[in-house]
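Single-structure report; data block below.
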Amino acid sequence: MTAATATVDERVAHVGILRRILLKPEFGALIGAIVIFVFFASQSDVFRSWTGAANWLDVSATLGLMAVPVALLMIGGHFDLSAGVQVGTAGLATGIMTTYWGLQLYASWAVSLALMLTIGFINGFLVTRTGLPSFIITLGMFLGLQGLNLGVTKQVTNTVQVGNLDLVPGYHALNNILGSTVTIGGADFPVAIIWWVGFTIVASWLLLKTRFGNWIFATGGEPNASKNVGVRTDRTTIALFMMTSFMAWFVGSTQIVRFATIQAQSGIGQELYYIVAAVIGGCLLTGGYGSAIGASLGALIFGMTEVGIVNLNWNSDWFKLFVGVMLLLAVLANQFVRRFAEQSRR
Amino acid sequence: MTDLEVKEVTDPQKADVPMLEIRDVTKTFGSVISLFEISTTVRAGQVTCVLGDNGAGKSTFIKILSGVHQPDGGQLLVDGKPTRFGTPRDALDAGIATVFQDLAMVPLMAIWRNFFLGSEPTKGWGPFKRFDSASAKKITRKEMADMGIDIRDPDQPVGTLSGGERQSVAIARAVHFGARLLILDEPTSALGVKQAGVVLKYIVQARDRGLGVIFITHNPHHAYPVGDRFLLLKRGRSLGDFAKSEISLQELTRLMAGGAELEALAHELERDPGELGEVGRELAQDTESLG
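Taken in order, these protein sequences are the chains called A and B.
According to the working numbering, the stretch in the first sequence is residues 2 to 347, in order.
According to the working numbering, the stretch in the second sequence is residues 4 to 294, in order.
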């Protein structure tokens, strides 16, 4: 035994710092973010100015706020294709109840929260009860909500948008929380950036430091084995869907409060970008592996590129090409890094 | 008789009362007799091997001991007291833990996360209640060290462990959560020769720590070196329940293989003029050497 214990420390040292860092799922996204920042910052004055930073951080925050819960859901083994359209639903619900039905702003904000949590619960409940792939269940929810958003908005407003939220009482107080800006270096940074950083930290803490986080990894990694040792996989899954809907409520509210207007088509198509950001951030499509910080870094890569391409006066059509290439690179890098890091050291 | 009574009063662990006694246990499913009047004993610090081929009733036997099924006849005695396990929880509460073949582990998760999966220690209160990862890592390392394995890094994903090491994590986990009697369901069957040896070492280690072990296997060469008692099952019936002193490896193998049947098969094959005849002659020699 003494011989064995003597070798313990030696072997721990051999695991290597490099491998330890590589093992972090967000490693690839961190490198990507640094490379892209250095590239655009060296090419464009606007990009590296305070105003430029406020700009790309704003775009990143809007995407990142949703990418974080979507990443947790993916780690838990599921997709939510209705995540994008839910942002629209939340904003539209708050807007219509306030400006058309005369409900007090905060009351309609709360009702909208209840509505979104219900949608998340339905997603999770259907997925756990039927055992069908979440892909198909949430695709149904996506199409359903898309129709509902457009149908109800047209019915109530006779247009395809809900506006004038800035005319209702209590608007400015809510705008201070969700839509205001903080001035740093002469540039206005939207407060959403702070919310984004805050939610990323909370989600990361939840994932890595709590029992719930352990259950998320387990549910996505090996659901049957997890059930056998007492993990409540169904509850975990439902909670993850509800968290995604909660964030859709938060982001949708932020949008309508900031711009006082929201389109009936709002959020549609974004769901795939959330997933892409999560994957660039190191989430495995099969579940059980990933990181909240990685998803935020993925969103940051997105935001920087989208704004950077405009700053360099490139044709923004190239953005999608970039996204596609980035996604493929990320998936390949994840694969490679994971194999390298997890190589059995027997 | 007086002798027995005295022993009843003393600590049952140390006295000669078996940790678990299985007495004439019978289980039927409809008209199928799955187990018929099976008896054996498991003592603290001893390994009882249950040997049998496929369909011998090993699975049913495990499920009765782990509380999944209830016997239709006979008795289970825990520390000498007749006991009935209504649910798997009852068996666990009595300190009987089953390590199933699939091991209930998540390959992508770290060893310490797997170790406490479903029973995570927490600290703090209210919304700040968190998974006590520091003590989880410490306990994992200690429990594994007690099994004689140094895990280089508790943060290592379970998927990177070898089959034998994984088995040992499952055993250490069962022991940590209060098991004093381990049921190991074919722990060596999916492993290579070297890894099987590693698992056998852990079985010995568990035994030496005073645990009772029920080792289910179909391989007499794995069972004989570590076993103290051997229960042989065939088609739901007991071929015998032997102490190690009562049986040799040859006899065990012969009983397992069904020696008489092998001989008959050998003679049949020997009549074949071609390659099969050669196989038959080899088989005949083998059965002879087994006695």
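Heads up, the beta-carbon is just placed ideally off N, CA and C, and yes, glycines get one too.
Model, not experiment: these values are computed from the prediction.
Worksheet entry | Buried versus exposed, by CB contacts within 10 Å (16 or more), A:Pro350 | Since the first and last residues shown for chain A are 2 and 347, residue 350 of chain A lies out of range.
Worksheet item: Under the criterion of a Cβ to heavy atom distance below 6 Å, does A:Trp250 qualify as lining the ligand MN?
Response: Within the structure as shown, the ligand MN is missing, as the structure has no ligands at all.
Item to complete: Output, in chain order, the set of chain B residues within a Cβ distance shorter than 8 Å of A:Val230.
Response: The sequence position of residue 230 of chain A within the first sequence is 229, counting from 1. Chain B residues near A:Val230: Ala107, Leu120, Gly121, Ser122.
Practice prompt. Check each residue of the region 138 to 150 of chain B: if its Cβ is closer than 7 Å to any Cβ of chain A, include it; give the result in chain order.
Written response: none
Worksheet item: Within the 7 Å Cβ cut-off, does A:Thr211 reach chain B?
Response: Translated into the one-based positions of the first sequence, residue 211 of chain A becomes position 210. Answer yes: the Cβ-Cβ gap between A:Thr211 and chain B drops below 7 Å somewhere.
Item to complete: Jot down the residue ranges of each uninterrupted beta strand (DSSP E) in the region 77 to 120 of chain B, minimum 3 residues, whole runs only, in chain order.
Response: 84 to 86, 99 to 102
Worksheet item: Can a CB atom of chain A be found closer than 7 Å to the CB of B:Pro15?
Response: As a working note, residue 15 of chain B is residue 12 in the second sequence. Confidence in B:Pro15 is poor, its pLDDT being 45 and thus under 50, which makes the residue's placement too unreliable to answer from.
Worksheet item: Going along the chain, which residues of its own chain have a beta-carbon closer than 6 Å to the beta-carbon of A:Leu328, five neighbours each way excluded?
Response: Sequence index remark: in the first sequence, residue 328 of chain A carries index 327 (1-based). So the list reads Val277, once near-sequence residues are dropped.
Worksheet item: Which two residues bound the contiguous alpha helix (DSSP H) that contains A:Leu1?
Response: The displayed coordinates of chain A run from 2 to 347. Any statement about residue 1 of chain A would go beyond what the structure contains.
Item to complete: Give the residues of chain A in contact with B:Phe39, contact being defined as C-beta atoms less than 9 Å apart.
Response: Residue mapping note: residue 39 of chain B aligns to position 36 of the second sequence, counting from 1. Those do not exist, as B:Phe39 stays about 30 Å from chain A at its closest Cβ, beyond 9 Å.
Discussion item. If we define contact as Cβ-Cβ less than 7 Å, is A:Ala240 a contact residue for chain B?
Written reply: In the first sequence, residue 240 of chain A corresponds to position 239, counting from 1. Not closer than 7 Å to any Cβ of chain B, the Cβ of A:Ala240 fails to qualify, so no.
Worksheet item: From this set, A:Phe303, A:Ala296, A:Ala279, A:Ala226, which residue's C-alpha is nearest B:Phe119's C-alpha?
Response: Here residue 119 of chain B corresponds to residue number 116 of the second sequence, with the count starting at 1. Closest by alpha carbon: A:Ala226.
Discussion item. Nearest by alpha-carbon distance to A:Val232: which of B:Thr29, B:Gly58, B:Ala100, B:Met108 is it?
Written reply: Along the first sequence, one-based indexing puts residue 232 of chain A at 231. The candidate whose alpha carbon is nearest that of A:Val232 is B:Met108.
Discussion item. Using the three-state DSSP reduction, which class does B:Pro124 fall into: helix, strand or coil?
Written reply: The residue given as residue 124 of chain B occupies position 121 in the second sequence. Three-state result, B:Pro124: coil.
Item to complete: Could you name the residues that DSSP lists as bridge partners for B:Glu24?
Response: For the purposes of this step, residue 24 of chain B is identified with residue 21 of the second sequence, where counting begins at 1. Answer by DSSP bridge pairing, in chain order: B:Thr44, B:Leu80.
Practice prompt. Kindly list the residues whose CB is nearer than 8 Å to the CB of B:Val2, restricted to its own chain and excluding five residues on each side of it in sequence; keep chain order.
Written response: Residue numbering for chain B in the displayed model covers 4 to 294; residue 2 of chain B lies beyond these limits and cannot be assessed.
Practice prompt. Taking A:Gly186 as the reference, give the member of A:Ala204, A:Trp51, A:Arg130 with the closest Cα.
Written response: If you number the first sequence from 1, residue 186 of chain A lands on position 185. Out of A:Ala204, A:Trp51, A:Arg130, A:Trp51 has the C-alpha closest to the C-alpha of A:Gly186.
Worksheet entry | Cβ separation of B:Gly3 and B:Ser37, assumed to be a contact under 8 Å, to the nearest whole Å | Past the edges of chain B, shown from 4 to 294, lies residue 3 of chain B, and the structure says nothing about it.
Discussion item. To the nearest angstrom, how far is the alpha carbon of A:Phe260 from that of A:Asn215?
Written reply: Locating residue 260 of chain A in the first sequence gives position 259, where the first residue counts as 1. Locating residue 215 of chain A in the first sequence gives position 214, where the first residue counts as 1. Spanning the two alpha carbons is a distance of roughly 39 Å.
Worksheet entry | Residues of its chain near A:Asp318, where Cβ-Cβ distance is below 8 Å and the 5 sequence neighbours each way are ignored | Position 317 of the first sequence, counting from 1, holds the residue named residue 318 of chain A. Cβ neighbours of A:Asp318 beyond the five flanking positions: none.
Discussion item. Is there a Cβ of chain A sitting closer than 7 Å to that of B:Leu194, yes or no?
Written reply: Residue numbering aside, residue 194 of chain B sits at position 191 when the second sequence is read from its first letter. By this cut-off, B:Leu194 is not an interface position.
Fill in: Spatial distance of A:Arg49 from A:Ser43 (CA atoms)
The residue you call residue 49 of chain A lines up with position 48 of the first sequence. The residue you call residue 43 of chain A lines up with position 42 of the first sequence. If I take the Cα positions, the gap works out to 8 Å.
Worksheet item: Per DSSP, what kind of secondary structure is B:Leu7 in: helix, strand or coil?
Response: As a first step, residue 7 of chain B is located in the second sequence; it is residue number 4 there, counting from the start. With a pLDDT of only 42 at B:Leu7, under 50, the local geometry of the prediction cannot be trusted, and the value read off the model is given with reservation. It is helical.
Practice prompt. Measuring alpha carbon to alpha carbon, tell me which of B:Thr86, B:Tyr227, B:Met147 ends up nearest B:Trp115.
Written response: In the second sequence, residue 115 of chain B corresponds to position 112, counting from 1. The shortest Cα separation from B:Trp115 among B:Thr86, B:Tyr227, B:Met147 belongs to B:Met147.
Worksheet item: CA-CA distance, A:Thr220 and A:Asn335?
Response: The count along the first sequence starts at 1 and reaches residue 220 of chain A at position 219. The count along the first sequence starts at 1 and reaches residue 335 of chain A at position 334. Going from the Cα of A:Thr220 to the Cα of A:Asn335 covers about 21 Å.
Practice prompt. Verify whether the separation of the beta carbon atoms of B:Phe218 and B:Cys52 is less than 7 Å.
Written response: Taking the second sequence and counting its residues from 1, the one referred to as residue 218 of chain B is at position 215. Taking the second sequence and counting its residues from 1, the one referred to as residue 52 of chain B is at position 49. Yes, these two residues count as a Cβ contact at 7 Å.
Worksheet entry | Nearest-angstrom Cα separation, counted from A:Gly253 out to A:Val88 | Reading the first sequence from its first residue, position 87 is the one you call residue 88 of chain A. Reading the first sequence from its first residue, position 252 is the one you call residue 253 of chain A. The alpha-carbon atoms of A:Val88 and A:Gly253 are separated by roughly 4 Å.
Worksheet item: With which residues is A:Gln162 paired in a DSSP beta bridge?
Response: Here residue 162 of chain A refers to the residue found at position 161 of the first sequence. Its beta-bridge partners are A:Gln264.
Discussion item. Given this structure, state the Cα-to-Cα distance separating B:Gln208 from B:Gly230, to the nearest angstrom.
Written reply: The sequence position of residue 208 of chain B within the second sequence is 205, counting from 1. The sequence position of residue 230 of chain B within the second sequence is 227, counting from 1. Each residue's alpha carbon lies about 13 Å from the other.
Worksheet item: If A:Thr201 and A:Gly65 are in contact, beta carbons under 8 Å, what's the gap, nearest whole angstrom?
Response: Here residue 201 of chain A refers to the residue found at position 200 of the first sequence. Here residue 65 of chain A refers to the residue found at position 64 of the first sequence. Right, their Cβ atoms sit about 7 Å apart.
Discussion item. I need the DSSP call for A:Phe41, collapsed to helix, strand or coil.
Written reply: As a working note, residue 41 of chain A is residue 40 in the first sequence. Three-state DSSP puts A:Phe41 in a helix.
Practice prompt. Give a yes or no on whether 7 Å exceeds the smallest Cβ distance from B:Leu23 to chain A.
Written response: Within the second sequence, the letter at position 20 stands for residue 23 of chain B. With 7 Å as the cut-off, B:Leu23 does not count as an interface residue toward chain A.
Discussion item. Please confirm whether B:Arg116 has its beta-carbon closer than 7 Å to some beta-carbon of chain A.
Written reply: Indexing the second sequence from 1 puts residue 116 of chain B at position 113. For B:Arg116, the answer is yes, since a Cβ of chain A falls inside 7 Å of its Cβ.
Worksheet item: Where do the ends of the alpha helix (DSSP H) carrying B:Leu164 lie?
Response: In the second sequence, counting from the first residue as 1, residue 164 of chain B sits at position 161. Run containing B:Leu164: none; DSSP gives neither H nor E here.
Worksheet entry | Three-way DSSP call (helix, strand, coil) for B:Leu194 in this model | Working through the second sequence from its first residue, we reach residue 194 of chain B at position 191. Coil.
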